[in-house]
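*Asks:*
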Amino acid sequence: MTPDGSICSSKSSIGSHNTCQSPIYCCSTEGINTPVKKYLHTVHRQVDRHVNTLRPSNEEVLASMFLEKNSRLLYSYSQALISKSDYNSYHIRILLKFFKSRGKLTHLITNLSDIEIETTNYNNELFRGNSVFTRVFSEYLKNYCNEFLQLIISPIQEIIKEVKTKNQPSILTGDDSLNGLLLACTIKDVLEKMAVSITKNTCLLPPHLRYILRHIYNSVYLIRGEEASKHVLETLIFLRFILPPLAQTPQLLKKLQSLLKMANGKIFSRFSDDKHETLTTREETLFISSVNTFYRGIITGPLSFATSFKGVKRSEQDESYNDIVQVIRSEMNRISSVFGDGFETVFDIVKGKKDVVSVNVINAAEEMTSWMIDREYELEGENKELRLSVDCLKKECCILRQKVMELQTNELNSSN
Numbered sequence: 001m002t003p004d005g006s007i008c009s010s011k012s013s014i015g016s017h018n019t020c021q022s023p024i025y026c027c028s029t030e031g032i033n034t035p036v037k038k039y040l041h042t043v044h045r046q047v048d049r050h051v052n053t054l055r056p057s058n059e060e061v062l063a064s065m066f067l068e069k070n071s072r073l074l075y076s077y078s079q080a081l082i083s084k085s086d087y088n089s090y091h092i093r094i095l096l097k098f099f100k101s102r103g104k105l106t107h108l109i110t111n112l113s114d115i116e117i118e119t120t121n122y123n124n125e126l127f128r129g130n131s132v133f134t135r136v137f138s139e140y141l142k143n144y145c146n147e148f149l150q151l152i153i154s155p156i157q158e159i160i161k162e163v164k165t166k167n168q169p170s171i172l173t174g175d176d177s178l179n180g181l182l183l184a185c186t187i188k189d190v191l192e193k194m195a196v197s198i199t200k201n202t203c204l205l206p207p208h209l210r211y212i213l214r215h216i217y218n219s220v221y222l223i224r225g226e227e228a229s230k231h232v233l234e235t236l237i238f239l240r241f242i243l244p245p246l247a248q249t250p251q252l253l254k255k256l257q258s259l260l261k262m263a264n265g266k267i268f269s270r271f272s273d274d275k276h277e278t279l280t281t282r283e284e285t286l287f288i289s290s291v292n293t294f295y296r297g298i299i300t301g302p303l304s305f306a307t308s309f310k311g312v313k314r315s316e317q318d319e320s321y322n323d324i325v326q327v328i329r330s331e332m333n334r335i336s337s338v339f340g341d342g343f344e345t346v347f348d349i350v351k352g353k354k355d356v357v358s359v360n361v362i363n364a365a366e367e368m369t370s371w372m373i374d375r376e377y378e379l380e381g382e383n384k385e386l387r388l389s390v391d392c393l394k395k396e397c398c399i400l401r402q403k404v405m406e407l408q409t410n411e412l413n414s415s416n
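Just so you know, we're using the UniProt record's numbering here: the sequence shown kicks off at 1 and counts up by one.
1. Would you kindly work out how many angstroms separate the C-alpha atoms of Tyr-25 and Gly-301, rounded to a whole number?
2. Going along the chain, which residues of its own chain have a beta-carbon closer than 8 Å to the beta-carbon of Met-332, five neighbours each way excluded?
3. Output needed for Ser-89: all residues of its chain with C-beta closer than 7 Å, excluding positions within five of it in sequence on either side, in chain order.
4. If you run the structure through DSSP and keep just helix, strand and coil, what is Tyr-247?
5. Which complete alpha helix (DSSP H) runs does the UniProt domain "Ras-GAP" (87–246) hold, if anything under 4 residues is left out?
6. For residue 417 versus Tyr-221, is the C-beta spacing smaller than 8 Å?
7. Between Leu-259 and Ile-288, is the Cβ-Cβ spacing less than 8 Å?
8. What would DSSP say about Ala-263, mapped onto helix, strand or coil?
9. Would Arg-401 be called buried (16 or more neighbouring beta carbons within 10 Å of its own) or exposed?
10. Figure out for me which residue from Tyr-77, Ser-101 and Asp-189 has the closest Cα to the Cα of Ser-315.
11. Leaving out five residues before and five after Glu-227 in sequence, what residues of the same chain have Cβ atoms less than 6 Å from its Cβ?
12. Output the distance between the C-alpha atoms of Leu-191 and Arg-282, rounded to the nearest integer angstrom.
13. Checking 8 Å against the spacing of the C-beta atoms, do Asn-143 and Leu-213 come in under that value?
14. Once DSSP output is grouped into helix, strand and coil, what is the label at Ile-82?
15. Rank Lys-104, Ser-78 and Phe-133 by C-alpha distance to the C-alpha of Glu-116 and give the top, closest one.
16. Can you give the Cα-Cα distance for Leu-151 and Glu-411, rounded to whole angstroms?
17. Please determine if the region 157–166 and the region 103–113 are in contact, where contact requires at least 3 C-beta pairs separated by less than 8 Å.
18. Under 6 Å Cβ to Cβ from Ser-78, same chain only, skipping five residues before and after it: list those, please.
19. If you measure between the beta carbons of Gly-103 and Val-312, is that distance less than 8 Å?
20. With 16 as the cutoff for other CB atoms within 10 Å, does Asn-58 come out buried or exposed?
21. Please classify Asn-292 as buried or exposed, where buried requires at least 16 other C-beta atoms within 10 Å of its C-beta.
22. Express the C-alpha separation of Leu-73 and His-91 in angstroms, rounding to a whole number.
23. Between Gln-317 and the rest of its own chain, which residues show a CB-CB distance below 7 Å, the 5 nearest in sequence each way excluded?
24. Would you check if the distance between the CB atom of Leu-236 and the CB atom of Leu-256 is smaller than 8 Å?
25. Use the C-beta contact count for Arg-135: other C-beta atoms within 10 angstroms, 16 or more gives buried, fewer gives exposed.
26. Taking the beta carbon of Thr-106 as the centre, do at least 16 other beta carbons fall within 10 Å, making it buried, or is it exposed?
27. Is Met-194 buried or exposed, if buried means 16 or more other CB atoms sit within 10 Å of its CB?
28. Taking the continuous alpha helix (DSSP H) assigned at Glu-59, which residues delimit it?
29. Taking a contact to mean a Cβ-Cβ separation below 8 Å, would you say Arg-334 touches Ala-80 in this structure?
Spelled out as structure tokens, the structure:
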């Protein structure tokens with residue numbers, strides 16, 4: 001955190017073992033010899049001699065092809081079935097389900113976001129078009145974050161519904177449009193209610209969504225800077241998530257968008273940012289303050305991602321595997337044309353030509369212990385972030401005390 005109250009952050013996400021190059025955050029756990037790690041090393045020495053004699057199952061091979069770095073299969077699936085204008089959202093849901101059942105839902109979303117960040121022209125805004133990432137992200141929000149959306153938007157929809165009911169005769173006769181009526185009569189109520197709703201429910205933001213947004217913020221911050229990373233939060237949280245349900249009230253939507261441009265995640269943006277118009281109403285001030293608090297919670301607040309994730313269910317893995325095999329089988333020609341050479345492995349799996357081998361105990365144990373190690377690393381990282389947040393709060397308190405003292409001094413001088 002800088003002296004003016006602005007928030008800096010890093011590209012390193014929880015669970016990363018790479019050395020962090022963040023402006024304020026460093027959480028490398030590569031050298032940590034944890035109790036779980038010691039135990040697993042002991043067990044591995046006993047079973048390593050058996051691993052090479054066991055053949056992975058079809059499911060394990062397919063999962064590894066989807067999860068590997070720079071996955072050709074994921075790229076081919078995305079380009080063949082998601083990138084086209086006539087895409088089927090069912091294919092996205094199956095892909096999300098496959099990754100979620102293996103505890104890799106955030107892995108999928110962040111990987112796709114990194115690809116878009118790296119491939120988008122520097123002069124173009126990020127995540128504004130209908131790309132593979134934006135389509136997958138929208139489906140992810142719809143299927144896994146809708147409960148949070150309803151907490152935020154339901155009070156606003158109630159206000160709109162009430163205005164419609166009370167003013168139905170005038171609307172039917174054409175005396176006034178609904179949009180003009182909303183803007184004139186309820187804009188203050190909407191801003192105040194939305195500010196309260198955002199502030200009240202910020203802590204209920206799904207940990208996996210907070211994890212994804214922070215990863216994207218950090219990635220954009222390191223490549224394009226703080227201003228661009230703030231715009232990305234505005235795009236992903238408000239333009240693509242919270243505001244679309246208000247699309248039928250365009251004037252209200254326009255008002256909210258104009259106020260969002262004044263939010264920047266800084267502590268004292270009201271006092272230090274003079275490039276925007278001065279806020280003139282209490283409701284506008286409340287709304288901007290709530291958005292700033294929301295942004296800051298995403299950027300620096302506790303993730304709670306590792307503690308919220310309780311593992312995976314084998315039944316969900318089996319179901320998602322069968323579903324994605326059916327999709328690949330039915331769309332074989334389209335996927336293989338993008339994949340190119342080496343598609344024989346996928347072909348053999350989905351056509352059943354390879355001998356069926358059930359998931360062996362060693363591989364299942366490897367997957368479980370790998371998850372345990374990753375979770376321990378993530379808990380270490382979250383603990384470090386919490387300590388960092390405490391330090392940031394202490395600095396904020398110092399700044400607030402200074403501001404209060406300055407105000408008190410000015411009042412005394414003016415009274416004298």
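All C-beta atoms, glycine included, are put in the ideal place defined by N, C-alpha and C.
*Replies:* Result, derived from the coordinates:
1. Per-residue confidence for Tyr-25 stands at a pLDDT of 40, beneath the threshold of 50, marking its modelled position as unreliable; the derived number appears in the next sentence. If you take the alpha carbons of Tyr-25 and Gly-301, they lie about 13 Å apart.
2. Excluding positions up to five away in sequence, the list reads Phe-347 and Val-350.
3. Excluding positions up to five away in sequence, the list reads Glu-139.
4. Note that residue 247 corresponds to Ala in the displayed sequence, not to Tyr. Ala-247 sits in coil when the DSSP states are folded into three classes, being neither helix nor strand.
5. Correct list: 89–100, 105–119, 132–144, 146–166, 168–173, 178–185, 187–201, 207–224 and 226–233.
6. As displayed, the chain neither begins before 1 nor continues past 416, which places residue 417 out of reach and without an answer.
7. In this structure, Ile-288 lies closer than 8 Å to Leu-259 by Cβ.
8. Of the three classes helix, strand and coil, the one that applies to Ala-263 here is coil, per DSSP.
9. By the Cβ-count criterion, Arg-401 is exposed, with fewer than 16 other Cβ atoms from all chains shown falling within 10 Å of its own Cβ.
10. Of the listed residues, the one whose Cα sits closest to Ser-315 is Ser-101.
11. None.
12. Each residue's Cα considered, the two are about 9 Å apart.
13. Taking 8 Å as the Cβ cut-off, Asn-143 and Leu-213 do not qualify as a contacting pair.
14. DSSP places Ile-82 in coil when its eight states are reduced to three.
15. Ranking the options by Cα distance to Glu-116, first place goes to Phe-133.
16. Approximately 42 Å, taken between the alpha carbons.
17. At 8 Å Cβ cutoff, the stretches do not touch.
18. So the qualifying residues of the chain are Val-132.
19. Cβ distance < 8 Å, so Gly-103 and Val-312 count as in contact.
20. Label assigned to Asn-58: buried.
21. Classification of Asn-292: buried, given that the 10 Å Cβ count is 16 or more.
22. Cα to Cα, His-91 sits roughly 14 Å from Leu-73.
23. Sequence-distant partners of Gln-317 (beyond 5 residues in either direction) whose C-beta falls short of 7 Å from its own C-beta, in its chain, are Ser-101 and Arg-102.
24. Going by C-beta atoms, Leu-236 is not nearer than 8 Å to Leu-256.
25. The residue is buried, with at least 16 neighbouring Cβ atoms inside 10 Å.
26. The residue in question, Thr-106, is buried, as its Cβ has 16 or more Cβ neighbours within 10 Å.
27. If you draw a 10 Å sphere on the C-beta of Met-194, you find 16 or more other C-beta atoms in it, and that means buried.
28. Unbroken alpha helix (DSSP H) run through Glu-59: 58–67.
29. With contacts defined as CB atoms closer than 8 Å, Arg-334 and Ala-80 qualify as a contacting pair.
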